Structure formats: structure tokens, C-alpha cells
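Just so you know, this note's numbering puts 407 at position 258 of the sequence shown, and the rest follows in order with no gaps. Heads up, the beta-carbon is just placed ideally off N, CA and C, and yes, glycines get one too. Computed from a predicted structure; not experimentally measured. Written out below as C-alpha cells is the structure these notes cover.
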Amino acid sequence: MSKIHVAFAAHSMMGHLMPLIPYMEKLLIRGHSVTCFHDIHPKYRKKLLSLGLDAVLSVTCELQDQKIAIVGGGPMYQCILDHYNDPKSIHKCPDVIIYDFFACSAADAADHFGVPAICIFPNAAVTINPSLVMPEDAGIINHVWCLFMDMFEAAGARVALLLRNRNRRKRSLPSLVEQDIWPCRTMKRLTIGCTGLGLEFAHKYMSPLFVMVGPSLPSVQQPLSEYPDLEKWINAQVKPIVYIAFGTMFSYTERTVIILQQQLIESDVSVLWVLPENEQRWLKSIEEHWRIEKFAPQITLLASGKIAAFVSHCGSNSLYESLLNTVPIVACPGFADQPGNAVRLQIAGVGCIAKGGVSGVRQALKKVVTNDSQYQMYKSNAEKLCKILDTHGGVDRAAKLIEDVAKFGYSHMTSKNNTRNSWFRIFVSVLFVVTMIILLTRSD
Numbered sequence: 150m151s152k153i154h155v156a157f158a159a160h161s162m163m164g165h166l167m168p169l170i171p172y173m174e175k176l177l178i179r180g181h182s183v184t185c186f187h188d189i190h191p192k193y194r195k196k197l198l199s200l201g202l203d204a205v206l207s208v209t210c211e212l213q214d215q216k217i218a219i220v221g222g223g224p225m226y227q228c229i230l231d232h233y234n235d236p237k238s239i240h241k242c243p244d245v246i247i248y249d250f251f252a253c254s255a256a257d258a259a260d261h262f263g264v265p266a267i268c269i270f271p272n273a274a275v276t277i278n279p280s281l282v283m284p285e286d287a288g289i290i291n292h293v294w295c296l297f298m299d300m301f302e303a304a305g306a307r308v309a310l311l312l313r314n315r316n317r318r319k320r321s322l323p324s325l326v327e328q329d330i331w332p333c334r335t336m337k338r339l340t341i342g343c344t345g346l347g348l349e350f351a352h353k354y355m356s357p358l359f360v361m362v363g364p365s366l367p368s369v370q371q372p373l374s375e376y377p378d379l380e381k382w383i384n385a386q387v388k389p390i391v392y393i394a395f396g397t398m399f400s401y402t403e404r405t406v407i408i409l410q411q412q413l414i415e416s417d418v419s420v421l422w423v424l425p426e427n428e429q430r431w432l433k434s435i436e437e438h439w440r441i442e443k444f445a446p447q448i449t450l451l452a453s454g455k456i457a458a459f460v461s462h463c464g465s466n467s468l469y470e471s472l473l474n475t476v477p478i479v480a481c482p483g484f485a486d487q488p489g490n491a492v493r494l495q496i497a498g499v500g501c502i503a504k505g506g507v508s509g510v511r512q513a514l515k516k517v518v519t520n521d522s523q524y525q526m527y528k529s530n531a532e533k534l535c536k537i538l539d540t541h542g543g544v545d546r547a548a549k550l551i552e553d554v555a556k557f558g559y560s561h562m563t564s565k566n567n568t569r570n571s572w573f574r575i576f577v578s579v580l581f582v583v584t585m586i587i588l589l590t591r592s593d
């Protein structure tokens with residue numbers, strides 16, 4: 150196949166750049182040229198270089214307001230146009246634009262140039278349902294909840310569509326008929342899902358435009374030996390090492406730190422805890438088998454074979470990094486997709502949810518770490534699930550799909566008659582849900 154030029158666009162958070170990196174790497178290996186549009190902070194370019202992606206051309210944008218970027222606002226759109234309209238630019242137009250779902254203004258740039266755009270999304274979205282039972286085994290309360298979530302998604306999609314089209318009108322672009330931020334049954338934008346069946350629930354309504362390829366990690370990883378002080382501490386531990394990290398968006402309170410520290414003390418494990426420096430002041434005195442860091446090389450740690458369990462907020466990156474290294478997760482989910490991720494990993498048998506959040510960590514660790522037969526079961530389940538997810542094709546399938554879309558587009562995959570429910574049907578469904586909740590509450 151003739152060589153193509155692929156543009157990637159990432160939101161101004163490291164966790165939103167990371168899922169794009171394996172695809173950049175694979176496309177470079179296949180001989181294509183890659184440009185990445187990312188925030189101006191030097192840490193993003195530094196991350197690309199540390200993973201051997203010096204051949205990726207970085208174009209920086211000052212992405213300050215994260216909220217407007219989610220619905221296609223901000224400077225990303227103009228940044229892409231300015232780059233390709235620059236007479237000094239080697240390429241006058243990309244063949245395809247791949248965008249992180251929070252950087253959907255890049256899709257507007259693709260429409261401006263008349264080239265395909267592909268969204269990258271971490272999970273199946275429509276199957277996000279914080280229920281502790283499989284859908285087919287659920288009772289009436291769960292069915293009501295699912296209906297409510299469907300209606301909530303439908304209403305949210307219309308709000309997102311209004312905001313997206315408002316930004317598109319400012320750019321003299323035609324209106325969308327469906328939002329292109331998250332996958333849905335009526336989606337019109339091709340989306341690559343960094344997930345797969347086995348972790349996701351099979352869903353008969355999934356659009357053919359949502360292609361699950363399974364999770365992937367960059368092939369280049371920093372060895373633990375590059376962190377000699379940390380490596381020395383890890384090798385000196387005799388108790389199982391539990392790694393705790395809740396992501397860069399999470400803010401601890403004094404109460405949360407106190408409760409979690411007590412839970413970990415009672416668990417009799419070695420502790421490696423990533424805790425922001427200004428929040429470490431709430432810790433009581435710590436012993437030698439504890440180590441507190443403001444930053445830790447997460448993938449390196451999980452790949453080291455030294456971590457017995459990962460206490461996590463269950464963000465998608467953390468979930469996949471842990472799963473692909475077969476490290477059991479104790480989930481303390483927060484918001485967005487985290488509760489759904491936690492439910493799916495528990496149902497898949499690769500981790501468990503700490504009931505009550507941080508106050509349930511001790512009991513969860515007792516199940517995951519100190520019970521050897523349970524621990525081996527979690528490891529075995531993770532190994533099996535990784536093999537199942539691998540059947541989705543991974544980065545090779547994603548790269549082939551990107552190449553094909555650059556050449557043929559994806560209009561042949563789009564349903565012409567697939568439309569949303571009307572606002573009237575949404576209103577009737579919401580009314581039904583509210584009525585059922587009232588009746589169920591009174592019956593109790």
C-alpha cells in the first residue's frame with residue numbers, strides 16, 4: 150500500500166495521549182508518517198521521545214480550557230488548519246485524522262479538509278452500567294436502571310450535539326446529525342475501541358462503526374533498573390507489595406488519607422503509594438515497608454512482576470495497564486466510566502470492588518492478596534482474558550483499519566436509517582422509570 154500521512158490529536162491530559170501511542174508506533178513501523186497535535190507542555194513531547202517515537206512530528210497547541218475542548222471548542226481546530234496551511238509544511242493535508250474523544254475539534258478539521266476522522270474511545274460506553282450482576286440475570290430494579298441510563302445517554306447526546314454544532318457553525322461546517330464524542334447505537338463517526346468482548350458485555354445494538362481491537366501498551370517500556378532507589382526498596386520487601394494510585398484527576402481529602410492508611414496498616418502488606426506532595430501531610434508516621442511517592446512509573450511497576458495488587462480508581466488506562474500485566478485490581482471507582490470499569494473487571498474475575506470505597510480496601514486486599522488460591526484465580530483469569538482480548542487484533546488490526554479508511558473512507562459502514570428516539574419517547578420512558586421507582590419504593 151502507498152504510504153499515508155496520519156495526524157493524531159490528543160486532549161491536554163497524559164492519560165488521553167497514552168492510548169494513541171501504540172497506534173503511532175505501529176504506523177511508523179509500517180512506513181507511514183505521523184504528526185501529533187498535543188498540548189504545549191514539554192512533558193508530552195518528552196513522553197513521545199522516552200518511548201522511542203522521535204520520528205513523530207509534534208505540533209503544540211495551548212490547550213488551556215479543557216471543558217470547551219470536550220465539545221469541540223478550543224484552539225485545536227485552528228492549530229491543525231494553521232499547520233497544514235503553512236507553506237513550510239511538508240504535508241498539505243493529512244490522509245486521516247485520529248483523535249482522542251476529548252479532542253473532537255480535530256474531527257472538524259478532518260471535515261474541513263475532506264478526509265476521514267476516527268475517534269479513539271476506551272470502552273463500549275453503552276455497556277457502562279454500574280450493576281453487580283450480569284444483565285441477563287438482572288431483576289426489575291436493574292432493568293429500570295438500564296432504561297434510565299439509556300434515556301440519560303440520549304438526553305446527554307442531544308446536549309452534546311447542540312454544543313458540537315454550535316462550534317461547527319462558527320467554522321462554517323455542516324451540522325452533525327449525531328454527536329461524535331462517545332460511541333452510541335446511532336453513531337456516524339468511526340470509533341476504535343481500546344477494549345473487547347470478554348471484558349465488555351456483548352451488546353446486540355452496537356453499531357458497526359464501533360470497532361473493538363482490544364487494549365494495547367507501547368512496546369517500549371522503561372525497565373525498573375532506571376529507577377535504582379525504587380528498585381532497591383522493592384527488592385528489599387518481604388511482604389506482598391500493594392501499589393496505590395488514583396490518577397491525576399483525583400484529589401484526596403484528609404479523611405480519605407486517614408481511612409486508607411489505616412486500611413493498609415491493617416492489611417499487613419508493603420505499600421507503594423502515589424500521593425500528591427501537598428496531601429502527604431495528612432499521613433501518620435510510616436514504617437520502612439511503606440514508600441510514598443508523588444510520582445511513580447506505573448507501567449514499569451506493573452510490568453515488573455513485583456506488584457501483588459493495584460488499588461486503583463479504575464480509570465481505563467490503569468485498568469488496561471494492570472490487566473495486560475495480570476496484576477489483580479482492588480477498585481475504588483469514582484466517576485465517569487470508572488464504576489462501569491470496576492463492575493466489568495469484577496465480573497471478569499480479574500479484581501474486586503472495595504465495598505464502601507477506601508473503607509473497604511482491607512477486606513478486598515484480604516480476598517485478593519492474602520488468600521493464595523484466590524490470588525492465583527485472579528492471575529489465571531487475567532491471563533485468559535488477555536488471550537481473549539488479543540483475538541480482537543490489537544494494534545495490527547487498528548493500523549490496518551486506519552490504512553483502509555485513509556484509502557476508502559467508511560461510508561459503507563454507516564447505516565442511513567439509524568436514528569435516535571424522539572424527545573417524546575424519551576419523556577415517556579423517563580416518566581415510566583420515575584413511576585416504577587415510586588412504586589418499588591412504596592412496596593418496600
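Per the DSSP calculation, residue i is bridged to which residue(s)?
{"i": "residue 440", "result": "421"}
{"i": "residue 390", "result": "419 and 456"}
{"i": "residue 267", "result": "247"}
{"i": "residue 154", "result": "182"}
{"i": "residue 461", "result": "394 and 480"}
{"i": "residue 380", "result": "Bridge partners of residue 380: none, in fact."}
{"i": "residue 428", "result": "BP columns for residue 428 are empty, so no partner."}
{"i": "residue 208", "result": "186"}
{"i": "residue 359", "result": "340"}
{"i": "residue 346", "result": "349"}
{"i": "residue 501", "result": "479"}
Counting only the same chain and skipping the five closest in sequence on each side, list residues whose C-beta sits under 7 Å from that of residue i.
{"i": "residue 244", "result": "153, 154, 155, 264 and 555"}
{"i": "residue 473", "result": "364, 366 and 535"}
{"i": "residue 516", "result": "501 and 523"}
{"i": "residue 433", "result": "410"}
{"i": "residue 258", "result": "226, 229, 230 and 246"}
{"i": "residue 279", "result": "Because residue 279 sits at a pLDDT of 47, beneath the cut-off of 50, its placement in the model cannot be relied upon, and the following sentence gives the value as read from the coordinates. Excluding sequence neighbours, residue 279 sits near 488, 489 and 492."}
Buried or exposed for residue i, please, with buried defined as at least 16 other CB atoms from any protein chain shown within 10 angstroms of its CB.
{"i": "residue 525", "result": "exposed"}
{"i": "residue 227", "result": "exposed"}
{"i": "residue 190", "result": "exposed"}
{"i": "residue 337", "result": "buried"}
{"i": "residue 513", "result": "buried"}
{"i": "residue 350", "result": "buried"}
{"i": "residue 222", "result": "buried"}
{"i": "residue 198", "result": "exposed"}
{"i": "residue 186", "result": "buried"}
In angstroms with no decimal places, state the Cα-to-Cα distance between residue i and residue j.
{"i": "residue 234", "j": "residue 241", "result": "6 Å"}
{"i": "residue 179", "j": "residue 548", "result": "9 Å"}
{"i": "residue 372", "j": "residue 378", "result": "13 Å"}
{"i": "residue 438", "j": "residue 542", "result": "41 Å"}
{"i": "residue 158", "j": "residue 585", "result": "44 Å"}
{"i": "residue 402", "j": "residue 320", "result": "43 Å"}
{"i": "residue 476", "j": "residue 383", "result": "16 Å"}
{"i": "residue 580", "j": "residue 313", "result": "28 Å"}
{"i": "residue 297", "j": "residue 489", "result": "15 Å"}
{"i": "residue 204", "j": "residue 537", "result": "32 Å"}
{"i": "residue 335", "j": "residue 392", "result": "40 Å"}
{"i": "residue 356", "j": "residue 442", "result": "43 Å"}
{"i": "residue 230", "j": "residue 529", "result": "49 Å"}
{"i": "residue 508", "j": "residue 385", "result": "28 Å"}
{"i": "residue 262", "j": "residue 322", "result": "11 Å"}
{"i": "residue 590", "j": "residue 412", "result": "34 Å"}
{"i": "residue 345", "j": "residue 236", "result": "42 Å"}
{"i": "residue 388", "j": "residue 420", "result": "9 Å"}
{"i": "residue 173", "j": "residue 239", "result": "18 Å"}
{"i": "residue 254", "j": "residue 170", "result": "19 Å"}
Tell me which same chain residues have a C-beta within less than 6 Å of the C-beta of residue i, skipping the five on either side of it?
{"i": "residue 271", "result": "343 and 465"}
{"i": "residue 445", "result": "423"}
{"i": "residue 399", "result": "462"}
{"i": "residue 182", "result": "154"}
{"i": "residue 151", "result": "none"}
{"i": "residue 440", "result": "382 and 421"}
Report the residue from the options whose alpha carbon sits nearest the alpha carbon of residue i.
{"i": "residue 394", "options": "165, 330, 467 and 476", "result": "467"}
{"i": "residue 220", "options": "325, 196, 347 and 417", "result": "325"}
{"i": "residue 168", "options": "341, 455, 429 and 420", "result": "341"}
{"i": "residue 145", "options": "387, 315, 246 and 262", "result": "The structure shown does not extend to residue 145, since the chain is modelled only from 150 to 593, so the question has no answer here."}
{"i": "residue 360", "options": "457, 260 and 544", "result": "544"}
{"i": "residue 161", "options": "188, 492 and 170", "result": "188"}
{"i": "residue 306", "options": "329, 478, 405 and 322", "result": "329"}
{"i": "residue 451", "options": "166, 471 and 460", "result": "471"}
{"i": "residue 212", "options": "454, 252 and 431", "result": "252"}
{"i": "residue 532", "options": "428, 499, 588 and 460", "result": "499"}
{"i": "residue 460", "options": "484, 436 and 510", "result": "510"}
{"i": "residue 390", "options": "358, 448, 457 and 429", "result": "457"}
Is any heavy atom of the ligand ZN found at a distance shorter than 7 Å from the C-beta of residue i?
{"i": "residue 163", "result": "In the structure on display, the ligand ZN does not appear, and there are no ligands present to speak of."}
Just to confirm my understanding: we take residue i, look at its own chain, exclude 5 residues before and 5 after, and list those with CB closer than 8 Å. What are they?
{"i": "residue 163", "result": "192, 193, 196 and 397"}
{"i": "residue 596", "result": "Because the chain spans 150 through 593 in this model, residue 596 falls outside it and cannot be assessed."}
{"i": "residue 347", "result": "497, 534, 537 and 538"}
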